[in-house]
Every structure is written in C-alpha cells, then in structure tokens.
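Asker: Quick one: this structure, given as structure tokens, is what I'll be asking you about.
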Amino acid sequence: MTKKIAVLPGDGIGQEIVAEAVKVIKVLQADGLDVEMNEGLVGGTAYDETGSPLPQETLTLAKESDAVLLGAVGGYKWESLDISVRPEKGLLGLRAELDLFANLRPAILYPQLADASTLKADVVSGLDIMIVRELTGGIYFGQPRGVRTLDNGEREGYNTLVYNESEISRIAKVAFDIARKRNSRVCSVDKANVLECTELWREVVSDLGKENSDIELSHMYVDNAAMQLVRAPKQFDVMVTTNMFGDILSDCAAMLTGSIGMLPSASLNAKGQGMYEPIHGSAPDIAGQNVANPLATILSVAMMLRYSLDEAAMAERIEKAVDKVLDQGLRTADIYSEGMKEVSTSEMGDAVVAAL
Ligand code: IPM
Ligand code: MG
C-alpha cells in the first residue's frame with residue numbers, strides 16, 4: 252500500500268532544505284519507493300496565511316500520514332507574537348497531538364569532517380552517540396504555566412517540571428531497546444540532587460535497569476553530562492533524558508560533529524508513526540540565500556525510511572550517498588574547511604542525487 256509522507260517545510264531555511272530532501276525522495280520513488288507526498292503549512296508561514304501556526308488541515312494531514320518530514324519553524328518576524336501562536340507552537344503541537352514522545356538524535360562524526368569540529372580531532376573521531384530525548388512531557392508541557400502579577404504589582408513567570416512513572420518508563424524502554432542494537436550502554440541524565448521530579452526519573456530508570464540487566468546503566472547529573480560531552484564524548488553510547496535537558500545536550504552533541512547542519516532526528520510515537528526533521532532551526536539570518544546545509548534533512552529522510560517506512564536498504568543508500576559527497580570534498584559553508592569545494596544548498600542536494 253502506498254505510504255503517505257506529509258511534507259512541512261515551515262520557515263526560513265526550512266523551505267530550501269526540504270526541497271533538497273524532496274529531490275532525494277523523488278529519486279527513490281523512481282526506483283520503486285511507494286510513497287505519496289502531500290505538502291502542508293506549519294510555523295510562521297502557516298500563521299501568516301491562516302492565523303494559526305498549526306492549522307487544522309495540517310494536523311489532519313500529519314495524523315493521516317505514515318511519516319512527517321519537517322524543515323524548521325520560527326524567525327525574527329514572529330518573535331513578538333503572543334507565545335500561544337508563535338511558530339514554535341506549531342512544532343510543539345505536532346509533537347503533542349501525534350504523541351511523539353521518543354526523540355532520537357544521533358550525533359555521528361563523519362571522519363571527513365573531523366577537522367570541522369571545534370574540538371580536537373582525537374576527542375571526536377569515531378564519535379557515535381544516540382541521544383534519546385523525552386519529547387511530549389516535562390517542563391515544555393507541564394501545567395500550571397504562565398506569567399502572573401503578584402499582590403505587590405510585580406510580575407512572576409512560572410513553569411512546571413512534571414513526569415509521571417509511565418512517561419519515564421516508556422522513554423527509558425526506548426533507550427534500552429536502542430542500546431541493545433548498539434553498544435549496550437545507557438546513561439540516564441537528570442538533576443536528581445536538586446529536582447524531586449528527576450529523583451523519581453532516576454528511580455524509575457534504575458528499576459527498569461534491573462529488568463534490562465544486559466544493558467550497562469549509569470546515571471549522570473546534567474551539569475556533569477554537559478561537561479563530559481565536551482571533555483570525553485566517546486564515553487557515551489545512548490543517553491536518555493528529559494525534554495529540556497535533551498534539547499540542550501543535543502545542541503551540544505551536535506557541535507561535536509562539526510556542524511549542527513549535519514544532524515537528523517526522528518520523533519516517534521508508540522504506533523511507529525514519526526516526524527523527521529533536522530535538529531537545527533530555521534536560521535533566518537541565512538534564509539533564502541541557498542547556502543544552508545541540506546544534509547541533516549536528507550539524513551532525516553534516511554531515518555524516516557528506516558523507522559517509519561520499513562525501507563532500511565534505501566536508508567542505507569542515502570547514508571552512503573552522503574558519505575560519498577563528503578568524500579568528494581563538497582562542503583556547504585557551515586562545514587567548509589580549506590582545500591574543500593564550497594557548494595550551495597541546491598548543489599549539495601544535486602550531488603547527493605547524483606551519488607544515489
Ligand atoms: C528543537 C528545537 C525546539 C525545541 C524548538 C524550536 C521549539 O530547539 O527541536 O530542539 O526546543 O524542542
Ligand atoms: Mg533545540
């Protein structure tokens with residue numbers, strides 16, 4: 252049966268990078284990949300056209316699809332809007348409505364890019380970490396939240412960090428299962444020394460660890476984890492953590508690999524439905540200039556093929572093609588180093604298509 256992909260380019264460079272990923276999907280379609288693509292609006296672009304960053308039509312499209320390919324959302328233009336209709340709400344709404352609780356963010360260093368990292372090559376060479384970020388709970392969604400005015404007239408902002416046991420155990424299970432297919436190590440990151448909520452997190456993960464005794468489980472406070480990521484990142488195999496800690500640590504891990512422009516992600520629900528997006532943002536400063544790196548989005552298509560479309564061989568083809576263009580010395584500006592050939596967004600996409 253034809254599988255459905257909802258294509259949501261969003262804002263800023265989202266438009267350009269998704270266009271390159273679509274080129275790649277079209278090549279695979281010609282080679283027998285049985286998918287249908289339908290485009291929808293999300294983020295600031297959707298707000299401009301419909302008054303909502305997540306129009307009902309887009310939500311329906313996403314729910315009826317096997318997978319969603321998303322570019323990025325946000326931009327200066329919408330920063331002064333009320334938080335309830337900001338572009339980011341489009342993305343958070345999709346995550347919540349589709350119950351995409353498991354966010355997989357691999358940080359892999361391509362050997363060709365060892366010199367592009369700001370860290371010494373020997374610290375990062377061979378790096379292969381999987382960050383498993385909880386995506387539909389925690390402080391991002393906790394109630395109550397808001398800004399209130401106190402009796403003395405001063406304003407006070409507040410958010411709530413909340414996790415129940417089942418939310419913790421379902422994300423921990425995902426981490427254990429992934430570790431089993433990798434190097435069988437899970438590091439759970441929390442702030443159990445200060446926050447009760449993550450003290451519970453640690454307890455639940457530890458209990459699950461006993462049922463998964465084939466996996467080596469460790470725990471780390473988030474401040475230490477941030478330090479260890481830049482000090483000795485290769486000590487990690489799978490890291491599992493809360494929504495906000497995962498947001499922060501995954502940007503940090505991304506930079507180890509040379510550029511945030513290289514990292515794909517998958518956000519999955521219990522039914523195997525997934526949303527696939529680069530982990531970087533909409534980069535309004537370079538939007539429309541045809542200079543953004545499309546590889547994170549193209550690699551997100553590979554994750555989509557693997558996790559939602561059951562096409563592992565095609566996923567591998569994409570990954571090999573990316574490897575090949577890097578071997579050819581082609582680099583977008585963010586991963587450029589001396590002696591390489593600098594290419595535009597569309598040239599990079601064309602090169603991947605050719606390498607396929
Ligand atoms: C990410 C982004 C989002 C997040 C923003 C755009 C809402 O930073 O996917 O990491 O904070 O989750
Ligand atoms: Mg982020």
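Sequential numbering of the sequence shown, starting at 252, is according to our numbering. The beta-carbon is built from N, C-alpha and C at its ideal position, and this holds for glycine as well.
Residues in its own chain within less than 8 Å of G512 by CB, not counting five upstream and five downstream?
Answerer: Excluding sequence neighbours, G512 sits near P529, H531, A543, N544, L546, A547, T583, D585, I586.
Asker: Specify the secondary structure class of R453 as computed by DSSP and reduced to three states.
Answerer: R453 falls in the helix class under three-state DSSP.
Asker: Just how far apart, CA to CA, sit G580 and A476?
Answerer: Those two C-alpha atoms are separated by around 33 Å.
Asker: Could you give the residue range of the alpha helix (DSSP H) that holds T309?
Answerer: 307-314 is the span of the alpha helix (DSSP H), which, as asked, contains T309.
Asker: Quick one, which of K575, V375, Y391, L556 has its alpha-carbon nearest F487's?
Answerer: The option with the nearest alpha carbon to F487 is V375.
Asker: Just checking, does the stretch 597-605 make contact with the stretch 571-579 on the three C-beta pairs under 8 Å criterion?
Answerer: These segments touch.
Asker: Give the residues whose C-beta lies closer than 7 Å to at least one heavy atom of the ligand MG, in chain order.
Answerer: Residues with a Cβ closer than 7 Å to any heavy atom of the ligand MG, in chain order: D498, S501, D502, I530.
Asker: Would the beta-carbon of V269 fall within 8 Å of that of M288?
Answerer: Their beta carbons are not under 8 Å apart, which means V269 does not touch M288 by this criterion.
Asker: Got a sec: does the ligand IPM put a non-hydrogen atom nearer than 7 Å to the Cβ of E339?
Answerer: Under cutoff, so the answer is yes.
Asker: In the DSSP output, which residue or residues are listed as bridge partners for I359?
Answerer: Answer is D379.
Asker: Count Cβ pairs between the stretch 303-311 and the stretch 265-281 that sit closer than 8 Å; are there 3 or more?
Answerer: Taking 8 Å as the limit for Cβ pairs, the verdict is that the stretch 265-281 does not touch the stretch 303-311.
Asker: Comparing alpha-carbon positions, which option in E330, E598, E562, A538 lies nearest D282?
Answerer: When each option's Cα is compared against that of D282, the closest is E562.
Asker: Do L342 and the ligand IPM come close, with the Cβ less than 7 Å from some heavy atom?
Answerer: Flag set: Cβ of L342 near the ligand IPM.
Asker: Are there 16 or more other CB atoms within 10 angstroms of the CB of N354, so buried, or fewer, so exposed?
Answerer: That one is buried.
Asker: Below 7 Å CB to CB, which residues in the same chain sit around L312 once its five sequence neighbours on both sides are set aside?
Answerer: Hits under 7 Å: A257, N289, G291.
Asker: With DSSP collapsed to three states, give me the class of Y558.
Answerer: In the structure shown, Y558 sits in a helix (DSSP, three-state: H, G or I).
Asker: With H, G and I counted as helix, E and B as strand and the rest as coil, what does DSSP make of R568?
Answerer: Three-state result, R568: helix.
Asker: Report the CB separation of F496 from V473 in whole angstroms; it is logged as a contact under 8 Å.
Answerer: The pair is a contact, with the Cβ atoms about 5 Å apart (cut-off 8 Å).
Asker: Measuring only the C-alpha atoms, how far is D373 from D366?
Answerer: Their Cα atoms are separated by approximately 10 Å.
Asker: Compute the minimum distance between the beta carbon of V324 and the heavy atoms of the ligand IPM, and state whether it is under 7 Å.
Answerer: Yes; taking the cut-off as 7 Å, the Cβ of V324 has a heavy atom of the ligand IPM nearer than that.
Asker: Using 8 Å for Cβ pairs, my map puts L294 next to G325. What's the rounded Cβ distance?
Answerer: Position check: residue 294 holds Gly in this sequence, whereas Leu was assumed. Correct: roughly 7 Å between the Cβ atoms.
Asker: Drop a sphere of 10 angstroms on the beta-carbon of S510, count the other beta-carbons inside from all chains shown, and report buried for 16 or more, exposed for fewer.
Answerer: Under this definition S510 is a buried residue.
Asker: With distances taken Cα to Cα, identify the nearest neighbour of S588 among L364, R406, R356.
Answerer: Considering only alpha carbons, the answer is L364.
Asker: Return the CA-CA distance between G261 and Y298, expressed in angstroms with no decimal places.
Answerer: Cα to Cα, G261 sits roughly 10 Å from Y298.
Asker: Please say whether Y391 and W452 have beta carbons closer to each other than 8 Å?
Answerer: No.
Asker: What does the Cβ neighbour count give for I549, buried or exposed, with the cut at 16 atoms within 10 Å?
Answerer: Buried, because 16 or more other Cβ atoms sit within 10 Å of the Cβ of I549.
Asker: Going by other Cβ atoms of all chains shown within 10 Å of its Cβ, with 16 needed for buried, is M381 buried or exposed?
Answerer: M381 is buried by the Cβ-count criterion.
Asker: Give the C-beta separation of A358 and L519 to the nearest angstrom, bearing in mind that I take them to be a contact with Cβ-Cβ under 8 Å.
Answerer: Rounded, the Cβ-Cβ distance is 18 Å, inconsistent with contact.
Asker: Within the present structure, is the beta-carbon of G389 separated from the nearest heavy atom of the ligand IPM by less than 7 Å?
Answerer: No - the ligand IPM has no heavy atom lying nearer than 7 Å to the Cβ of G389.
Asker: How should A318 be labelled, buried or exposed, when 16 other C-beta atoms within 10 angstroms of its C-beta is the threshold for buried?
Answerer: Classification of A318: buried, given that the 10 Å Cβ count is 16 or more.
Asker: Just to confirm before moving on: does the CB-CB distance between S533 and R356 stay below 8 Å?
Answerer: In this structure, R356 does not lie closer than 8 Å to S533 by Cβ.
Asker: Buried or exposed: L556, going by 16 or more other Cβ atoms within 10 Å of its Cβ?
Answerer: Flag for L556 reads buried.
Asker: Ignoring anything shorter than 3 residues, give me the beta strand (DSSP E) runs that lie fully in the stretch 422-507, in order along the chain.
Answerer: 436-441, 467-472, 489-492, all fully within the stretch 422-507.
Asker: Nearest-angstrom Cα distance between S469 and L401?
Answerer: Their backbone Cα atoms lie some 42 Å apart in a straight line.
Asker: In its own chain, which residues sit with a C-beta less than 6 Å from the C-beta of M554, not counting the 5 before and 5 after it?
Answerer: Excluding sequence neighbours, M554 sits near P515, A517, Y527.
Asker: Measure the Cβ-Cβ separation of G609 and S501 and say whether it is below 8 Å.
Answerer: This structure gives no information on residue 609, because the portion of the chain shown stretches from 252 to 607.
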